[in-house]
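Engineer: Here it is: the structure, laid out below.
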Amino acid sequence: MKRNSKQISILTKGFFSRPSHLVAPSLIGCFLIKRISKDSHLAGVIVETEAYSQEESSCHGFSGETERNKTLFGEPGNLYIYLSYGINNCVNIVTGRSNWANGVLLRSIAIKGENERIASGPGLLAKRFGLNRNFDNLPLLPSNDFWLTEGEVSD
21 MKRNSKQISI
31 LTKGFFSRPS
41 HLVAPSLIGC
51 FLIKRISKDS
61 HLAGVIVETE
71 AYSQEESSCH
81 GFSGETERNK
91 TLFGEPGNLY
101 IYLSYGINNC
111 VNIVTGRSNW
121 ANGVLLRSIA
131 IKGENERIAS
141 GPGLLAKRFG
151 LNRNFDNLPL
161 LPSNDFWLTE
171 GEVSD
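Using the working numbering, read the sequence shown as starting at 21 and increasing by one per residue.
And the structure:
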């Protein structure tokens, strides 16, 4: 995984172990990577995010932990995926610390060589990357076939 002959940086738990309002803008320009096969990846640059925290009424954790939102109270760097209005999956990344609902919604990703609207919106983004509730609580790591980098992965 190289970019311009330099080693790219994979975002780790430490990156996400900060409040969502700090992580969200730091994710702009980073890449979401999905391993398709040993030699193939789907990569898109994050162009829009939204931060949420437990003290905000719009946050799923505002009223406390439930079975539905327990992932949001979990480990930083894990995916929190929920179904919006029973239709669209929404991809979030848990941030901050355990036992405190804090996360960043990935709102839009641009994919080189594809229509600019293919992943423009939380539901379209989830659909293009094949992310649904089955991936909820998945740590973002290359060994799990989904991860984030500060640079683009080349095949």
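Backbone N, C-alpha and C define an ideal beta-carbon position, used for all residues, glycine too.
#1: Whose CA, out of Ser77, Arg88, Asn108 and Gly81, lies closest to the CA of serine 140?
#2: Strictly by DSSP, which residues pair up with histidine 80?
#3: Along the chain, where does the beta strand (DSSP E) that runs through lysine 54 open and close?
#4: In the DSSP assignment, find the unbroken alpha helix (DSSP H) run with alanine 44 in it and report its ends.
#5: So, is isoleucine 56 buried or exposed, given that buried needs 16 or more other C-beta atoms within 10 angstroms?
#6: When you compare each of Thr169, Gly64 and Glu85 to serine 118 by their alpha carbons, which one comes out closest?
#7: What three-state label does DSSP hand leucine 168 in the structure shown?
#8: Would you mind sorting asparagine 112 into buried or exposed? The rule is 16 or more other CB atoms within 10 Å of its CB.
#9: Looking at the structure shown, is alanine 15 part of a helix, part of a strand, or coil, going by DSSP?
#10: Output the boundary residues of the alpha helix (DSSP H) element that contains glycine 34.
#11: Among Lys54, Leu47 and Arg38, whose alpha-carbon lies nearest the alpha-carbon of phenylalanine 163?
Structural biologist: Looking at the atomic coordinates:
#1: Taking the sequence shown and counting its residues from 1, one reaches residue 140 at position 120. When each option's Cα is compared against that of serine 140, the closest is Asn108.
#2: Locating residue 80 in the sequence shown gives position 60, where the first residue counts as 1. DSSP lists no partner for histidine 80.
#3: Indexing the sequence shown from 1 puts residue 54 at position 34. Here the beta strand (DSSP E) through lysine 54 covers 51 to 57.
#4: For this step, residue 44 is matched to residue 24 along the sequence shown. Note, alanine 44: alpha helix (DSSP H), 40 to 47.
#5: As a first step, residue 56 is located in the sequence shown; it is residue number 36 there, counting from the start. Isoleucine 56 is exposed by the Cβ-count criterion.
#6: Taking the first residue of the sequence shown as 1, we reach residue 118 at position 98. Of the listed residues, the one whose Cα sits closest to serine 118 is Glu85.
#7: Walking along the sequence shown from the start, residue 168 turns up at place 148. The answer is strand: DSSP assigns leucine 168 an E or B state.
#8: Here residue 112 refers to the residue found at position 92 of the sequence shown. Buried, because 16 or more other Cβ atoms sit within 10 Å of the Cβ of asparagine 112.
#9: The structure shown does not extend to residue 15, since the chain is modelled only from 21 through 175, so no value can be given for it.
#10: As a working note, residue 34 is residue 14 in the sequence shown. Taken as a continuous stretch (DSSP letters only), the alpha helix (DSSP H) holding glycine 34 covers 33 to 36.
#11: Residue numbering aside, residue 163 sits at position 143 when the sequence shown is read from its first letter. It should be pointed out that residue 163 corresponds to serine in this sequence rather than to phenylalanine. With distances taken between Cα atoms, serine 163 lies closest to Lys54.
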